[in-house]
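Residue numbers (UniProt numbering), protein chains in the order written: chain A, 1 to 549; chain B, 1 to 549.
No residue lacks a Cβ here, since even glycine has one placed at the ideal position from N, Cα and C.
As the structure is a prediction and not an experimental result, all values here were calculated from the model.
Contents: one structure, followed by commentary.
2 protein chains.
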Amino acid sequence: MKIGLAQLNYHIGNFESNTNKIIQSIRDAKQKGADLVVFAELCVCGYPARDFLEFNEFIELCNEAAQKIAAECQDIACIIGIPTHNNKPEGKDLNNSAYFIENGQVKAIVNKALLPNYDIFDEYRYFEPSTQFNCIDFKGKRIALTICEDLWNTIENPLYVTRPMDTLIEQNPDVMINIAASPFAYNHDEERIAILSDNARRYKLPLLYVNHVGAQTELIFDGGSLVFDKQGNAVDELPYFTEHTAYYTLTDTGEITFEHQTTIKPQRDSDIQQIHDGIVLGIRDYFYKSGFKQAILGLSGGIDSAVVCALAAEALGPENVMAVLLPSKFSTDHSLKDAKDLVENLGCKSEVIAIEKITNAFEEALHPQFKNLPFNIAEENIQSRSRAVLLMAMTNKFGYILLNTSNKSEVAVGYGTLYGDMCGGISVIGDVFKSQVFQLARYMNREREIIPENTIIKPPSAELRPDQKDTDSLPEYDTLDAILVQYVEHRRSSAEIIKQGFDEETVRKVLRLVNLAEHKRYQTPPILRVSPKAFGMGRRMPLVGKYLT
Amino acid sequence: MKIGLAQLNYHIGNFESNTNKIIQSIRDAKQKGADLVVFAELCVCGYPARDFLEFNEFIELCNEAAQKIAAECQDIACIIGIPTHNNKPEGKDLNNSAYFIENGQVKAIVNKALLPNYDIFDEYRYFEPSTQFNCIDFKGKRIALTICEDLWNTIENPLYVTRPMDTLIEQNPDVMINIAASPFAYNHDEERIAILSDNARRYKLPLLYVNHVGAQTELIFDGGSLVFDKQGNAVDELPYFTEHTAYYTLTDTGEITFEHQTTIKPQRDSDIQQIHDGIVLGIRDYFYKSGFKQAILGLSGGIDSAVVCALAAEALGPENVMAVLLPSKFSTDHSLKDAKDLVENLGCKSEVIAIEKITNAFEEALHPQFKNLPFNIAEENIQSRSRAVLLMAMTNKFGYILLNTSNKSEVAVGYGTLYGDMCGGISVIGDVFKSQVFQLARYMNREREIIPENTIIKPPSAELRPDQKDTDSLPEYDTLDAILVQYVEHRRSSAEIIKQGFDEETVRKVLRLVNLAEHKRYQTPPILRVSPKAFGMGRRMPLVGKYLT
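As structure tokens, then:
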């Protein structure tokens, strides 16, 4: 039996585009002589469709798409993911389903049993879990079809009380197929391979796994669809961050064979390379799927905006990136020079708009209120916010999307100005710690100097007052980031972090800053997620909570 | 048996305050000769504690609080709500539990079975549902203790596959006690009474129900704790929007008696009165629990900022409200006069800061880029954003919290400037449609004119260009709001709304505007929730989705 795995880039709610892609893949697969072609979880509507799922019309549109797809399935079968109505009177209104379609008909429906409801996942918000499990017979083979998380209930730390494959295996299947929507994080590939390999080995069955590729606002799907033999060896892996379809033959002895060269990597890509590739795809899809082409950003001469500018140039083309230099009286000459060097290295567009007259106008207008009170964070923020007003005016006039350039360390401790440098349509490096931003710059300079060396080596500064340095307010970034990894990504408490050897006062200060900044993060743009715990939908904190503050 | 119901205002993560309140109530109850005092769901840590629950230390702090509370329970019993570790190896890490504490010991633990995971609720993110149900014997009575949603699985449209009381009733209990954390919406009181009454009638048992009161950022808990006789009649209802403790005697014949006058209302408060009272509590608690006292807002002379200003004055005292008039060259004389009249009516503080020189400075700075392109939304937004920069500067200098004044109609269709009038620490009327804002103004003027009559009767305008009216861009608010109620609150699709008799073109335009504004709403402040479907955590939409756009 010849099986195609179609790893495609869907668009939430864009039924026309998704359906056309699926139909085109079915036609290609038929030409290639495939018996079955497999698409990803909820491919018909895109993932995550969130509360669109609560609209009956949206579910009807999914159903109409499935009918169009079914009509194409003559002399070939396909598996698609689709939300369907729960037929039982009790429970949630929907199931997260897979249709097995053959000869124009839905021949079998499989419903997901294990519904992820952690981090960015909200599946129990919409779906009723399945409690019945049946294999599908097709061309003399018996298929154990499951949906994503259904294979993820690990033996060591089971998050769920059931395991669908434990029932399905009793029906003596020949192969496992799993359709997924499993978003990228820099450590996700190893975990995914390990868990799926465990399943193949435990149930002694070959396993074919199809993932989404492409970004949906903050969530990036990396693809990396996988094929395992029944010993649990990964025998093939589809490419990362790009659409791809590949074909495999399931032999009568239960072996998986294929004609192309395996793309299994002898060595995994580095975290930084994956983060880089993921962000480039994230920017590109955010713009494409929003119907925009051109980005704008403020370029300070510092490393964060430099890296964001270079990533945007790679994603959209330098001709579609407008870098605006917005010097104040506190901007240093080297900052302006570093920014100009970057613009030249990239070949992107640029403008210079000085903000001093604007900040003067604000300070004059506020003179009766501020009188002779000393310069403080109020005046610092006026600079940052004046820049945001200028960038947003350019955006409104010319149809750009403003890129936010805050890094994860800043976002964590609230080192940024709300409605100032925290503005933007999408946060590009808001899930990348400052120490990783440096690594990203070095990685992007691997062939030639794109990010000016001086931008990388100079001490970070917001340049909102004379001789300001980030370290005036914050610990050194290496220390800060190490503490933040423990608190934010590993969710360790202060006592545990201090026990690891960090200075107690520093730990308490950092955790306090993180918790006090919740109200700022609440109003910031969606952040491209590249880590297992990004700020945004995956981390939900009370604002008025009094814990570690 | 004498039972106290303690309806208290907790603060998320503020263990010291919560524990002290609970202990004080236990002491009071003992003095009153009570046998048992009942507190609300998850009272120890506050509700919703969200991802604080993922920190071990947070759960330990809950446990420490419970130990302190238990130590107070000599010669009296209490019921408290607390998150506890799930002892089974499978499933989520926590249970949403109730402790029955007697003589310093936890005598029984009840775990919640039905975990709400819709709208603003995310309980399945943290908690494993219970599957075992046992009554608690105390002083010759058998208590069927359940937690909130456990009684909400309606017969007509069951959201869950089990019903804990169906098991508990087989053990022949004498009374039902339900501890809850059920947030306010203007239609929630009737629904709550109906569902709880149904339970009392169905199981033929008296029912005592304790709710939270007080606001946690956007969520307002209205109290309204209830007592039903075994015929399902509501015999008492605790007051709304205020802390209160009341005592009841469960007689040997299973009747509920009490010595105070019942506060059951012969007629429910109007929706607008409830919204008013809820918002006042919402503002007050947001400031108090954030450790702030003073509010600032921009006062335009229009009805939205006028109503917000008056609500803030009521919540915080007029001496703690700073109204800033920020006229531009497009501001009309009557707007300035209306704003000044309001300030005088309220007795709040005010300042006038003209923005023309500032907007001129922006336009001059942008002249090389904008050249002679016509005045459009870019220049309109510069005005709105210049005001925001001024208000935030005042906030940074003097320690105010900026109040957002957008109404729900504007928020829905994106009729507002991101980083401009959409700024603020908390959105006061973002869940109140424009047509309800007029009703609110009339309600607030019920005894004397607070909101100037001219503010109420003049046609709404943003005054960002000459002779601008809201109706230049939007349908009349009565039509707009009626469509929005169907789409946002009732989640009807376009076809259903058109079928109700609305003009097709208008419906499609409105739904398109709503869906295109998701990216703006993503970055707006938390909105005090007064309806069953507010923008914010309770409504989760994709940003790059292509559905009805």
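Partner residues on chain A for residue i, Cβ-Cβ distance less than 7 Å
i      : result
B:Q369 : E351 and M394
B:N404 : Under the 7 Å cutoff, chain A gives no residues; its nearest Cβ is about 10 Å from B:N404.
B:L207 : Chain A residues near B:L207: none, gap ~23 Å exceeds 7 Å.
B:N14  : K546
B:T524 : Q523
B:H519 : G425
Below-7 Å beta-carbon distance, residue i vs any chain B residue
i      : result
A:E90  : yes
A:Q216 : yes
A:D222 : no
A:Y547 : yes
A:Q294 : no
A:Q74  : no
A:K357 : yes
A:N56  : yes
Residues bridged to residue i (per DSSP)
i      : result
A:Q7   : A:H244
A:A77  : A:L36 and A:E102
A:H85  : A:L94
B:D236 : B:V227
A:S350 : A:A323
B:S427 : B:N404 and B:I527
Within chain B, the residues that residue i reaches when beta carbons sit closer than 8 Å
i      : result
A:Y118 : R125
A:L390 : F362, A365 and L366
Environment of residue i [buried if 16+ CB atoms lie within 10 Å]
i      : result
A:A194 : exposed
B:L373 : exposed
A:P116 : buried
B:N111 : buried
A:D481 : buried
B:H519 : buried
B:K265 : exposed
B:S270 : exposed
A:G501 : exposed
B:K533 : buried
A:A65  : buried
A:A71  : exposed
Residues that residue i contacts on chain A, provided the C-beta gap is smaller than 8 Å
i                      : result
B:A66                  : What B:A66 touches in chain A: nothing, since even the nearest Cβ is about 17 Å away.
B:V110                 : Under the 8 Å cutoff, chain A gives no residues; its nearest Cβ is about 19 Å from B:V110.
residue 614 of chain B : No answer is possible for residue 614 of chain B: it lies beyond the span of chain B, which begins at 1 and ends at 549.
Minimum Cβ-Cβ distance from residue i to chain A less than 7 Å
i      : result
B:A365 : yes
B:H276 : no
B:E156 : no
B:V321 : no
B:D51  : yes
B:E41  : no
B:F362 : yes
B:H11  : yes
Within chain A, the residues that residue i reaches when beta carbons sit closer than 9 Å
i                      : result
residue 553 of chain B : No information on residue 553 of chain B is available, as it lies outside the stretch 1 to 549 that chain B covers here.
B:D472                 : What B:D472 touches in chain A: nothing, since even the nearest Cβ is about 18 Å away.
Proximal residues of chain B, C-beta to C-beta of residue i below 9 Å
i      : result
A:K397 : L366, Q369, F370, L373, N376, I377, A378 and E379
A:L196 : By Cβ distance, chain B contributes nothing, its closest Cβ being about 21 Å from A:L196, past 9 Å.
Distance cut-off 6 Å: residue i Cβ against heavy atoms of the ligand ATP
i      : result
B:E496 : No copy of the ligand ATP occurs in the structure displayed, which carries no ligand at all.
Interfacial residues, the segment 532 to 543 of chain B to chain A, with Cβ spacing under 7 Å: R539, R540, M541, P542 and L543
Interfacial residues, the segment 368 to 388 of chain A to chain B, with Cβ spacing under 9 Å: P368, Q369, F370, L373, N376, I377, A378, E379, E380, N381, I382, R385, S386 and A388
Contact list for the segment 282 to 314 of chain B against chain A, Cβ threshold 8 Å: D285, Y286, K289 and S290
Under 8 Å (Cβ pairs) to chain A, residues found in the segment 410 to 438 of chain B: L418, Y419, C423 and G425
Residues in the segment 127 to 150 of chain B having any Cβ partner in chain A nearer than 7 Å: none
Chain A contacts made by the segment 490 to 504 of chain B, where a contact means CB separation under 9 Å: R491, R492, S493, S494, A495 and E496
Contacting positions in the segment 160 to 180 of chain A - beta carbon closer than 8 Å to chain B: Y160 and V161
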